[in-house]
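Numbering (my numbering), first residue to last: 25 to 280. All C-beta atoms, glycine included, are put in the ideal place defined by N, C-alpha and C. A quick write-up on the structure given underneath.
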Ligand SMILES: Nc1ncnc2c1ncn2[C@@H]1O[C@H](COP(=O)(O)OP(=O)(O)OP(=O)(O)O)[C@@H](O)[C@H]1O
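In structure tokens, the structure reads:
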């Protein structure tokens, strides 16, 4: 197994830029299910620019938080506001999410990308060149006409990410996108994320891989029991986290 090189260790390197939908603000977010309060009053503001990595122990509510922000599930209380307004169809088209297990259409690699563009209203004339460009960026040209289902796990995730990036989202949510991938596939995915961030896409990513968090994060949001225990610039977080749960977590102690 070869080690992964740090892509960028400096904080706040992504260029801040104008956004039509950011800041994304969560106000008093609560999510309850099965008689449990799983997200317990989260306030969070995400401005354009930085790359946010969400860390925390199993069951802390990381995936739920991403799903609430993305609009896949509705909060029990509180709200998610995009540049001052609730999510609507136009806002939903400007954001994307990539899951741990790629969700792909039973079509070819090209058709998966083409379809994502089509549903966002991109004309046929524009789609062809955009699909070709994205296939090249993701090094998937040789698989363009292959059914997506025959791809390896790493290739499928590269396709899922490429499809998301083809829609030029202003913000991209990633929920453990490399958790079942080998180091080479992980590196390819990280490079695509890094490039997207450099081009201005706001990155919000959950990972259990602390090395990956160090490589990609500008800042860390640490969740514990459905609450934000701390939000700290990445270089500081890994040197000296502020909260007790994060300190224990980084020390490898069991955090529940
Ligand atoms: N729809 C639901 N109904 C009931 N409980 C749920 C639901 N969704 C999630 N949970 C529970 O909420 C808690 C937080 O889940 P979540 O998937 O957000 O955790 P996580 O921090 O992403 O954990 P992991 O690191 O293990 O993926 C867990 O205890 C989970 O079982």
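- Residue 80 has its CB nearer than 7 Å to a heavy atom of ligand 1.
- Take the alpha-carbon of residue 250 and the one of residue 66: they are about 8 Å apart.
- For residue 173 against residue 196, the beta-carbon gap comes to about 24 Å, at or over 8 Å, which does not count as contact.
- Remark: the shortest separation between the CB of residue 86 and any heavy atom of ligand 1 falls under 7 Å.
- Excluding its 5 nearest sequence neighbours in each direction, residue 117 has C-beta neighbours in its own chain below 7 Å: 144, listed in chain order.
- Following the DSSP letters along the chain, one finds residue 114 inside the alpha helix (DSSP H) bounded by residues 113-117.
- Around the beta carbon of residue 181, 16 or more other beta carbons lie within 10 angstroms, which makes this residue buried.
- Within the same chain, 182, 186 come within 6 Å of residue 162 by CB-CB distance, once the 5 residues on both sides are set aside.
- Linking residue 63 to residue 55 through their CA atoms gives a straight-line distance of about 5 Å.
- Residue 160 has its CB no nearer than 7 Å to any heavy atom of ligand 1.
- Taking C-beta atoms as the reference points, residue 104 and residue 93 count as a pair closer than 8 Å.
- Residue 79: member of the beta strand (DSSP E) spanning 75-79, first to last residue.
- Going by beta carbons, residue 244 and residue 253 fall outside the 8 Å limit.
- Distance from residue 89 to residue 247 at the Cβ level is roughly 7 Å; contact confirmed, criterion being Cβ atoms closer than 8 Å.
- The C-beta distance from residue 270 to residue 75 rounds to 18 Å, too long to fall under 8 Å, and the pair is not in contact.
- Out of 156, 235, 175, the CA that lies nearest to the CA of residue 131 is found in 175.
- Cβ-Cβ distances below 6 Å link residue 68 to 50 in the same chain, with the five nearest sequence neighbours on each side left out; the list follows chain order.
- Taking 7 Å as the cut-off, the C-beta of residue 83 counts as close to a heavy atom of ligand 1.
- Counting only runs of 4+ residues, the alpha helix (DSSP H) found wholly inside the stretch 223-253 occupies 234-240, in chain order.
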